[in-house]
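First up is the structure itself, then whatever we jot down about it.
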Amino acid sequence: MSRSAVTSAPVHPLLAERWSPRSFDPSYEITDGRLASLLEAARWAASARNIQPWRFIVGRRGDETYKAVHDALIGFNQVWAGNASVLIAAVAAERLDDGSANATAAYDTGLAVAQLTVQAHAEGLHAHQMGGFLPERLTASFDIPEGFRPLAVIAVGALAEADQLPDETLRARETETRARRPLDETFFADSWQTPLGIG
1 MSRSAVTSAP
11 VHPLLAERWS
21 PRSFDPSYEI
31 TDGRLASLLE
41 AARWAASARN
51 IQPWRFIVGR
61 RGDETYKAVH
71 DALIGFNQVW
81 AGNASVLIAA
91 VAAERLDDGS
101 ANATAAYDTG
111 LAVAQLTVQA
121 HAEGLHAHQM
131 GGFLPERLTA
141 SFDIPEGFRP
151 LAVIAVGALA
161 EADQLPDETL
171 RARETETRAR
181 RPLDETFFAD
191 SWQTPLGIG
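The numbering used here numbers the first residue of the sequence shown as 1 and each following residue consecutively.
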């Protein structure tokens with residue numbers, strides 16, 4: 001199923017075709033090589049002062065790490081995410097070595113997740129990022145130390161047909177038209193009220 005974005009200016013196909021499904025093939029097993037490529041893409045994300053504040057907890061379907069990450073999801077996400085091949089919790093180190101705050105920790109970790117997501121699409125896989133999880137449960141399950149904050153959980157796997165989702169609400173979301181706010185409502189020049197005037 002193609003859900004390529006209708007863009008107002010040309011973008012790379014990997015970006016136009018990337019989307020976040022919920023229907024994953026429960027039989028697909030990600031290879032070590034493919035998983036390593038995803039993690040390597042995240043590792044080489046841009047990072048302020050090269051601090052690299054991101055940490056990732058990686059679970060493969062069937063192992064205890066996967067189960068613990070899945071258990072930390074809210075109910076709505078638990079319904080579908082258990083078919084993904086991999087569940088990854090993205091965690092940001094919010095303190096520097098001297099104990100001061102790292103103001104760019106979340107930003108940099110988001111960049112690493114974005115690169116992982118695009119690499120997944122390049123590998124013929126899909127990724128779905130989730131904010132619907134219980135950070136305190138992840139923290140307890142993995143003994144995440146103070147100063148580290150779970151930011152997201154990413155489900156990665158092979159796409160399955162929308163009709164495999166368990167209810168009509170999920171199936172409708174899977175196939176609805178993709179949309180984004182227009183350029184002139186998002187990008188500005190001179191002031192917050194002045195659209196950039198391109199596109």
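Glycine residues also receive a C-beta, built at the ideal position from the N, C-alpha and C atoms.
Query, Result
"By alpha-carbon positions, which one of V91, R18 and R61 ends up nearest to R178?", "R18"
"So, is I88 buried or exposed, given that buried needs 16 or more other C-beta atoms within 10 angstroms?", "buried"
"Looking only at DSSP bridge pairs, what is P150 linked to?", "V91"
"Rounded to whole angstroms, what is the Cα-Cα separation between I144 and A189?", "42 Å"
"Just to confirm, is the Cβ distance from L170 to R22 under 7 Å?", "yes"
"Determine the extent of the beta strand (DSSP E) in which G59 is found, giving its start and end residues.", "W54 to R60"
"In terms of alpha-carbon separation, which member of I198, H128 and A114 lies closest to A81?", "H128"
"Are L226 and A41 touching if we call contact CB-CB under 7 Å?", "With the chain covering 1 to 199 only, the question about residue 226 has no answer from this structure."
"For P166, count neighbouring C-beta atoms within 10 Å of its own C-beta (all shown protein chains included) and say buried if the count is 16 or more, exposed if not.", "exposed"
"Terminal residues of the continuous beta strand (DSSP E) containing A127?", "H126 to M130"
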